[in-house]
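Structure first, then comments.
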Amino acid sequence: MASLLTTAPRWNPHAVIATTGPIPVLKEISIDREVCDASAGEWTVVVCRFGDHQVVETFHHSNAKSDQAQALQLPAGEYQLFLRYYHRKEPIQYAHVCPEFLR
């Protein structure tokens, strides 16, 4: 499903799309919601297992639980993140992703 974000017939030319990974995770990563809110009117993050693209978490501007960092508890492994910004704002920045071993 995550690969459909950039390869599906329903292309999103009105969205800014960024990907990152693989990111090694022991049990948790956090994503800076404040940066997302400052860079776009609406945004979505999809977290997938690296390799098989199995979606393990999805959240967006209206269901993120914190004003600053969204912490995600994940099984140990490698993950890929897909970020979409809609109604982008200037200057655009990409969310900071922090695996627990960097904190």
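Going letter by letter, the sequence shown gives residues 47 to 149 in our numbering.
Beta carbons: idealized from backbone N, C-alpha and C, even for Gly.
Close beta carbons around residue i, own chain, < 7 angstroms, minus the five adjacent residues each side
i	result
F96	G67, P68, E124, Y125 and Q126
H142	D78 and V81
Spatial neighbours of residue i in its chain, beta-carbon cut-off 6 angstroms, leaving aside the 5 residues before and after
i	result
T90	H106 and R130
V62	Y131 and R134
Buried or exposed (CB count within 10 angstroms, at least 16 for buried), residue i
i	result
L118	buried
I75	buried
S108	exposed
Those residues which DSSP pairs with residue i across a bridge
i	result
C82	C82 pairs with nothing; no bridge assigned.
P70	E124
Assigned secondary structure, residue i (DSSP; H/G/I helix, E/B strand, else coil)
i	result
F105	strand
E136	coil
G87	strand
Q100	coil
A64	strand
Chain D contact for residue i (CB, 7 angstroms cutoff)
i	result
P137	Note that chain D does not occur in the displayed structure, where there is just one protein chain.
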